[in-house]
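Student:
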Amino acid sequence: MKTFIRHCPTCGTYTFLAACPGAACSTATVPALPPRYSPNDRWGKYRRAMNAGEAQLTKEE
Ligand SMILES: [Zn+2]
Numbered sequence: 002m003k004t005f006i007r008h009c010p011t012c013g014t015y016t017f018l019a020a021c022p023g024a025a026c027s028t029a030t031v032p033a034l035p036p037r038y039s040p041n042d043r044w045g046k047y048r049r050a051m052n053a054g055e056a057q058l059t060k061e062e
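The sequence shown begins at 2 in our numbering and counts up by one.
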């Protein structure tokens, strides 16, 4: 069974509607699915560098 749960990036509401049902929001919702996983992890190096913090970034360069 396919699910169509969607998520409002502005207020964090989960809904099945294409737009947020919040009265003061009505932002276009995005599918609340996990990001597509790539075995190559093209940006993993940069993501991990960001998580480690700028101190380590400067140290390695
Ligand atoms: Zn919203």
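For each residue, glycine too, the CB sits at the ideal point set by N, CA and C.
Computed from a predicted model, the values in this text were never measured in an experiment.
Report back the beta-carbon spacing between V31 and R7 to the nearest angstrom; my notes put them in contact at under 8 Å.
Tutor: With 8 Å as the limit, V31 and R7 qualify as a contact, their Cβ atoms being about 6 Å apart.
Student: Could you check the C-alpha separation between A25 and L18 for me, to the nearest Å?
Tutor: Straight-line Cα distance between these residues: approximately 15 Å.
Student: Express the C-alpha separation of A20 and N41 in angstroms, rounding to a whole number.
Tutor: So the two alpha carbons sit approximately 34 Å from each other.
Student: Quick one: is the Cβ of G23 within less than 7 Å of any heavy atom of ligand 1?
Tutor: Result yes, Cβ under 7 Å from ligand 1.
Student: Could you have a look at A25 and say whether DSSP puts it in helix, strand or coil?
Tutor: Looking at A25 - three-state DSSP - the assignment turns out to be coil, as it is neither helix nor strand.
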